[in-house]
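Just so you know, the sequence shown maps onto residues -30 to -1, 1 to 62 in mature numbering (1 follows the signal peptide of the UniProt record, and there is no 0). Heads up, the beta-carbon is just placed ideally off N, CA and C, and yes, glycines get one too. Take a look at the structure set out below.
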Amino acid sequence: MITAKRPTLIRVTSIALLAFACATPATVMAQTQMTPEMRAKARKVAQACKTDLKQYCQGIQPGGGRIVACLQANAVNLAPTCQAALAEVRPK
C-alpha cells in the first residue's frame, strides 16, 4: 500500500517544484522592471556621470544596482554634476 502512494507523492512534489521553478523567474522579472520614472532618472545619472562611469565603473555589468554601487563606492572622486545627480535619485 505504501508503494501505491509513493508515485502520487513524487508526482505532486515534482509538479510543485516545477511550478515554483517556473514562477520564480517571472516574479523576479516583475520586481526588476523599471518604471518610466526610474528609466528617466537612470538616463539622467548616466548622462551626468558619463565620464565617471568610464573611469571608475567600466566593465561593471548593469543591473541589480551594481552601477550605482560602483558610483557610490567612488563618490569622493566623482565630478560635482555626477554627485548631484546621484543625490537626486538617492532614496530619502
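Cβ neighbour criterion (16 or more within 10 Å) applied to residue i
{"i": "ALA18", "result": "buried"}
{"i": "VAL15", "result": "buried"}
{"i": "ALA57", "result": "exposed"}
Among the options, the one whose alpha carbon lies nearest that of residue i
{"i": "VAL55", "options": "GLN3, ASP22 and THR5", "result": "According to the sequence provided, residue 55 is Ala. The question's Val does not apply to it. Of the listed residues, the one whose Cα sits closest to ALA55 is ASP22."}
{"i": "ASN47", "options": "MET4, LYS24, GLU7 and PRO32", "result": "LYS24"}
{"i": "ARG60", "options": "MET8, MET4 and GLN3", "result": "MET8"}
{"i": "PRO50", "options": "GLY33, GLY34, PRO32 and LYS20", "result": "LYS20"}
Spatial neighbours of residue i in its chain, beta-carbon cut-off 7 Å, leaving aside the 5 residues before and after
{"i": "residue 128", "result": "This structure leaves residue 128 out entirely; the chain is present only between -30 and 62."}
{"i": "THR(-4)", "result": "Any reading at THR(-4) is ruled out, since the residue's pLDDT is 46, under 50, leaving its predicted position unreliable."}
Assumed close pair residue i, residue j - CB separation to whole angstroms, cut-off 8 Å
{"i": "GLN53", "j": "ALA43", "result": "About 13 Å; that fails the 8 Å criterion."}
Other residues of its chain near residue i: CB distance less than 8 Å, five sequence neighbours each side excluded
{"i": "ARG36", "result": "ILE30"}
{"i": "LYS11", "result": "GLU58 and VAL59"}
Neighbourhood of residue i by C-beta distance below 6 Å, restricted to the same chain and skipping five residues each side
{"i": "MET(-2)", "result": "Confidence is the limiting factor: at MET(-2) the pLDDT is only 49, short of 50, which leaves the residue's position unreliable, though a coordinate-based value still follows. If we look at MET(-2) and ignore the five residues flanking it on each side, it has no Cβ neighbours."}
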